Amino acid sequence: MEAFLKNKKAVAAALVVVVLVVLGGIFFFISSNQSKKSQMEDVLNNEEAIPTVDASVQISLKAKPNKKEVELSVKNMPSGTKSVEYELSYDAQGQGPQGAIGTVELKSRESFFSKTVTLGTCSSGTCVYHTVVGPVRLSLIFNGGYGQRIFEKEYDL
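Per this note's numbering, the sequence shown starts with residue 315, numbered consecutively.
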């Protein structure tokens, strides 16, 4: 009978230990998730949104007749603009997402530029053109003494 009581006490002690370990694990899991959420919120709150460019800026994106290139034109840029970064993104038939990026450096007091952008890739004088499927997304970032301004729009070519 004495052995039975010792086993009963050992089982009870083991159950108490298991319950404490499980409760400790649950507490640790919940507190670590709250910490991760807090860190993510801090990162999101520290990011600054880039303001949009003024509506007086005129931007056009038109396909050339061969559909292998587009003409990007920008008029009435904000005063003091030093450069414009551009990114075109689109889906190419049979190739998935594609794009083109670049920067246009401006001379002082320039308020207009026009740039031909190839829809494809060129290397060593040989170009492989993409067949664009769907809209082309244009993103522009204007850089100048005023900071940065952004423009985003989708165009059907």
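For every residue, glycine included, the Cβ atom is placed at its ideal position computed from N, Cα and C.
The model shown is predicted, which means the values in this text are computed figures rather than measured ones.
Check: Where does residue 336 land, buried or exposed, given buried means 16+ other C-beta within 10 angstroms?; Outcome: exposed
Check: Are the CB atoms of residue 431 and residue 385 within a distance shorter than 9 Å?; Outcome: yes
Check: Rounded to whole angstroms, what is the Cα-Cα separation between residue 376 and residue 427?; Outcome: 14 Å
Check: How about residue 429 and residue 418: do their beta carbons lie closer than 9 Å?; Outcome: yes
Check: In angstroms, rounded to a whole number, what distance separates the CA positions of residue 387 and residue 397?; Outcome: 14 Å
Check: Determine whether the beta carbon atoms of residue 373 and residue 389 lie at a separation below 9 Å.; Outcome: yes
Check: In three-state DSSP terms, what is residue 364?; Outcome: coil
Check: At what residues does the beta strand (DSSP E) containing residue 473 begin and finish?; Outcome: Not covered by the structure: residue 473. The range shown for the chain is 315 to 471.
Check: Got a sec? Which residues, its chain only, sit under 6 Å from residue 435 by beta carbon, not counting five neighbours each side?; Outcome: 442
Check: Under the DSSP definition of a beta bridge, which residues are partnered with residue 405?; Outcome: 411, 447
Check: Mapping the DSSP letters down to three states, classify residue 326 as helix, strand or coil.; Outcome: helix
Check: Ordered along the chain, which non-local residues of its own chain (more than five positions away) have a Cβ less than 6 Å from that of residue 370?; Outcome: 390
Check: Take residue 416 as the anchor and find which of 367, 368, 399, 403 has the nearest alpha-carbon.; Outcome: 399
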